[in-house]
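Below you'll find the structure, written out as structure tokens, and then a few comments.
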DNA sequence: CCTACCGATCGGTAGG
DNA sequence: CCTACCGATCGGTAGG
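Protein chains in written order, with my numbering: chain E, 1 to 201; chain R, 202 to 402.
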């Protein structure tokens, strides 16, 4: 079915996991409260005992993970001794985070644009902007320090890296026979830093 | 507004261009016939003079461009003398095609999954499968011939290349002051083939 | 190209 | 956690 849902002692958390799977699979607008209710084994109206609105469910699903990301990136910057290692560590954090939170990442990537105009979800676009500004700063510092190739457009190269780490949640499957997570991480690092860093990595 | 719509002598084509822009911007399911009608300057009911159903509009928008792609890739394979040049030519075709048909590509990338289960749009998934099989064949042949690095997972590397060329339609804007199309193509080629090909390009 | 309308489905509420 | 229901919106039709 969804392949996303998990168990937990808490009924509210169960419902959230079910909803996250359906939102990721079918999109937020194309998932009805009736569908969520049916999957959770109750009437749609009963969901309103746990959540005030459908928007509240989405908020509860995405907010915590997303808003903790800027801090995680800043911690990497602060704790990485060699500047050459910062960007690869960013890529690895993004990939492993996406793999661990596939439903949330898929929802964010898919709904980001349609939620951008809604006040209540403005934090999504703002947080993505914050994250991308952190990445851009690292890329530009890397170019200034001669660590990153100066002959490519920094913004385009950055967009490509973000595309790569952003789309992984949409095709990566844990337990795939074709590749392990470590293999995906290694290939993406090879791919990106075989071409971007000065003099190989 | 949509930034996608174009003019044409034909009213039907005008409506299609408007619908394509709205589908790309808001998603197929989240675009109503009333919205399309209002943007085209008529009542929703009047659209049914030109199209039998909303699905017919989507079909007319995406079918021609998509179904011509496999032939275009095969032509490149047949006409490229040096095997080393095939994959870069694929990337360039994908990028320039996406840039020239941004709305269509955006729709295809976004709706691909949700349309996969519908008979009438099965050709979309089938055509993508066909295209990806062509790419995979080239990657595997390149590895066998020692042109492409054998130390990375071919399927993961392929997925990354397809992610890159597939997502460009979603952020590339003609007339951007930050980068020209040629600059995007060059950066993507540098990026991919600086790291993937044996001994540089 | 329009007015008028249909049945289905949506998120959400009332009241238990 | 349920039944019963609301107003809004959807794709589409009838008839001109």
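Note that the Cβ used here is the ideal one computed from N, Cα and C, for glycine as well.
Could you work out which residues of chain R lie near residue i, taking near to mean beta carbons separated by less than 8 angstroms?
i	result
residue 46 of chain E	What residue 46 of chain E touches in chain R: nothing, since even the nearest Cβ is about 26 angstroms away.
residue 127 of chain E	The contacting residues do not exist; residue 127 of chain E stays about 18 angstroms from chain R at best.
residue 140 of chain E	Simply none; closest approach about 14 angstroms.
residue 104 of chain E	Those do not exist, as residue 104 of chain E stays about 17 angstroms from chain R at its closest Cβ, beyond 8 angstroms.
residue 26 of chain E	315
residue 55 of chain E	What residue 55 of chain E touches in chain R: nothing, since even the nearest Cβ is about 15 angstroms away.
Taking residue i as the reference, give the member of the options with the closest Cα.
i	options	result
residue 51 of chain E	E/133, E/181, E/15	E/15
residue 305 of chain R	R/231, R/221, R/211	R/221
residue 321 of chain R	R/255, R/367, R/335	R/255
residue 92 of chain E	E/194, E/176, E/165	E/165
residue 225 of chain R	R/323, R/302, R/363	R/302
residue 157 of chain E	E/139, E/147, E/26	E/139
residue 278 of chain R	R/375, R/342, R/211, R/380	R/342
residue 257 of chain R	R/283, R/239, R/213	R/213
residue 375 of chain R	R/283, R/395, R/249, R/296	R/296
residue 145 of chain E	E/64, E/36, E/86, E/117	E/86
residue 178 of chain E	R/360, R/275, R/378	R/360
residue 395 of chain R	E/149, E/172, E/117	E/149
residue 26 of chain E	R/275, R/234, R/318	R/318
Residue i and residue j look like a contact to me (Cβ under 8 angstroms); what is the Cβ gap, rounded to whole Å?
i	j	result
residue 299 of chain R	residue 369 of chain R	5 angstroms
residue 127 of chain E	residue 69 of chain E	7 angstroms
residue 362 of chain R	residue 393 of chain R	6 angstroms
residue 229 of chain R	residue 259 of chain R	6 angstroms
residue 45 of chain E	residue 18 of chain E	Not quite, the Cβ-Cβ distance comes to about 16 angstroms (not below 8 angstroms), so this is no contact.
residue 170 of chain E	residue 106 of chain E	6 angstroms
residue 84 of chain E	residue 147 of chain E	5 angstroms
residue 263 of chain R	residue 335 of chain R	Not really, about 19 angstroms apart at Cβ, beyond 8 angstroms.
residue 66 of chain E	residue 108 of chain E	6 angstroms
residue 223 of chain R	residue 236 of chain R	6 angstroms
residue 163 of chain E	residue 364 of chain R	6 angstroms
Residues of chain E with CB under 8 angstroms from residue i, in chain order?
i	result
residue 215 of chain R	The contacting residues do not exist; residue 215 of chain R stays about 25 angstroms from chain E at best.
residue 365 of chain R	160, 163, 164
residue 287 of chain R	Under the 8 angstroms cutoff, chain E gives no residues; its nearest Cβ is about 19 angstroms from residue 287 of chain R.
residue 240 of chain R	In chain order: nothing, as chain E lies at least about 17 angstroms away.
Starting from residue i, find everything on chain R with Cβ-Cβ shorter than 7 angstroms and list it in chain order.
i	result
residue 32 of chain E	In chain order: nothing, as chain R lies at least about 12 angstroms away.
residue 171 of chain E	360
residue 119 of chain E	Within chain R, no residue comes near residue 119 of chain E; the closest Cβ sits about 18 angstroms away, beyond 7 angstroms.
Show which residues of chain R have a CB atom less than 9 angstroms away from the CB atom of residue i.
i	result
residue 178 of chain E	354, 356, 357
residue 29 of chain E	228, 230, 231
List, in order along the chain, the chain E residues whose C-beta lies closer than 7 angstroms to that of residue i?
i	result
residue 384 of chain R	153, 156
residue 389 of chain R	160
Spell out a yes or no on whether the region 144-156 of chain E and the region 368-388 of chain R are touching, meaning 3 or more CB-CB pairs, one atom from each, closer than 8 angstroms.
-> With a cut-off of 8 angstroms, the region 368-388 of chain R and the region 144-156 of chain E count as touching, because enough Cβ pairs lie within range.
Okay, do the region 107-119 of chain E and the region 172-186 of chain E touch, 3+ Cβ pairs below 8 angstroms being the bar?
-> By the Cβ test, the region 107-119 of chain E is not in contact with the region 172-186 of chain E, since fewer than three Cβ pairs between them sit closer than 8 angstroms.
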